[in-house]
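First residue of the sequence shown: 185, per the working numbering; consecutive thereafter.
Report on one structure; see the data block that follows.
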Amino acid sequence: MRPMLGEGRGRGRDGSRGSAAGRRAANPLSFARSSSSRYLLTMLEQAFFLPLETERLFAFLHRPAGACRGGIVLCAPLAEEKLWAHRVFVSCARALARRGWAVLRFDFRGEGDSDRDFAQADLTTRIADTAAAIAGLQAAVPGVNPVTLIGLRSGASIAALAAAGRSDIGRLVLWDPVIDGAEYAQGVLRANLMAQMAIHHRVIETRERLVERLEQGGTVNVEGYEFGPGLYRELAAMDLRRSLPASAVDTLLVSITPRAAPAREALVALAATVPRATVAAAVEEPFWKEIRTFYQHAGDLYRITLDWLEATP
Numbered sequence: 185m186r187p188m189l190g191e192g193r194g195r196g197r198d199g200s201r202g203s204a205a206g207r208r209a210a211n212p213l214s215f216a217r218s219s220s221s222r223y224l225l226t227m228l229e230q231a232f233f234l235p236l237e238t239e240r241l242f243a244f245l246h247r248p249a250g251a252c253r254g255g256i257v258l259c260a261p262l263a264e265e266k267l268w269a270h271r272v273f274v275s276c277a278r279a280l281a282r283r284g285w286a287v288l289r290f291d292f293r294g295e296g297d298s299d300r301d302f303a304q305a306d307l308t309t310r311i312a313d314t315a316a317a318i319a320g321l322q323a324a325v326p327g328v329n330p331v332t333l334i335g336l337r338s339g340a341s342i343a344a345l346a347a348a349g350r351s352d353i354g355r356l357v358l359w360d361p362v363i364d365g366a367e368y369a370q371g372v373l374r375a376n377l378m379a380q381m382a383i384h385h386r387v388i389e390t391r392e393r394l395v396e397r398l399e400q401g402g403t404v405n406v407e408g409y410e411f412g413p414g415l416y417r418e419l420a421a422m423d424l425r426r427s428l429p430a431s432a433v434d435t436l437l438v439s440i441t442p443r444a445a446p447a448r449e450a451l452v453a454l455a456a457t458v459p460r461a462t463v464a465a466a467v468e469e470p471f472w473k474e475i476r477t478f479y480q481h482a483g484d485l486y487r488i489t490l491d492w493l494e495a496t497p
């Protein structure tokens, strides 16, 4: 395992280490906001659909205006976390493009503007979608091989699974990845139970009843998203402690906390099993959740990621 990178180097107005919310204005990688024409001087952006056999993926390509130093595919988290993280993903893609990277964002099937309903997609389809996104980037920007995958939360886990066995993936950047899929799946059920309490002031369907419904082919609604049996089953079986050690690529594992703190122990333990892993800790609010702050940039996370990308051949 490589040495850990800086654990939240940002400082507040008084010079002390502060929360992420108080530091975003000092983000050295933020793109110009005053004029859209200035974006075009450093990057080109294009929305399009990637064709699958009978379906389509919505994708958005951010090209550097000058020479391209490599290709990156961004993998978003699932469901509501994707919604809240969207602005940070856009800002990150633009920051990377300004530094010379060609970056592809895309919607998994069942989400955003891609085909299918949410209940019809699972981890298997999302891994296939990631492969299609990689191929789409390589077709749109010839010569970007190998490709770097960057993912957040469940999207980081999907990126790790999609990279397995591929020779065209050079690096993995996993932002606060979901390590234990069974724990994540239980969180899905817990969110449904909490919604029941908020609406009915009591639990109408128990956790056991929700699991039974999934086992019988039904769905469970979580924040408006219908989690189907396939997705729930595959999430519950996912464990990066088994799959990630098989990776032979350079891997950056980033723990995200709202105040300066060491990387979470589970992430450090995971990194110890990966031959070419670096661990870092970023100071950011949990921007993939509904928080009071309008979160447009994740400056510390961008800095850690870009520093590592530029230091890793």
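Think of the CB as a built atom: it goes at the ideal place given N, C-alpha and C, for glycine as much as any other residue.
- CA-CA distance, D434 to A317, rounds to 20 Å.
- Between the beta-carbon of L394 and that of D313 there is about 27 Å, and that puts the pair past the 8 Å contact cut.
- As computed with DSSP, Y416 is found in no beta bridge at all.
- The alpha helix (DSSP H) runs of length 4 or more contained entirely in the segment 289-373 are, from start to end of the chain, 307-324, 338-347.
- Nearest to P413 by C-alpha distance, out of E474, R443, L307, is L307.
- The DSSP-derived three-state label of E237 is coil.
- In this model, T489 and S275 are separated by some 13 Å (Cα to Cα).
- According to the DSSP secondary-structure assignment, P442 is paired through a beta bridge with no residue.
- Distances from the alpha-carbon of A281 to those of G294, A303, I256, R293 put I256 closest.
- Of the candidates E367, M381, F471, the residue whose Cα lies closest to the Cα of A420 is E367.
- In the three-state reduction of the DSSP assignment, E494 falls in the helix class, which pools H, G and I.
- In the structure shown, the three-state DSSP call for C276 is helix.
- As computed with DSSP, H246 is found in a beta bridge with E229, V287.
- Boundaries for A450: no beta strand (DSSP E) harbours it, while the alpha helix (DSSP H) harbouring it runs 449-455, taken from the DSSP string.
- Looking at the DSSP output, I488 sits in no beta bridge, so it has no partner there.
- Here the alpha carbons of Q400 and Q230 stand approximately 42 Å from one another.
- In the DSSP assignment, F411 forms a beta bridge with V404.
- A Cβ-Cβ contact shorter than 8 Å links V458 with P429.
- DSSP places L424 in the uninterrupted alpha helix (DSSP H) bounded by 424-427.
- Here W359 is not near G320, since their CB atoms are 8 Å or more apart.
- The Cβ neighbour count for T238, taken over all protein chains shown within 10 Å, is under 16; the residue is labelled exposed.
- In the pairwise beta carbon analysis, the segment 277-297 is classified as touching the segment 481-495: at least three pairs are separated by under 8 Å.
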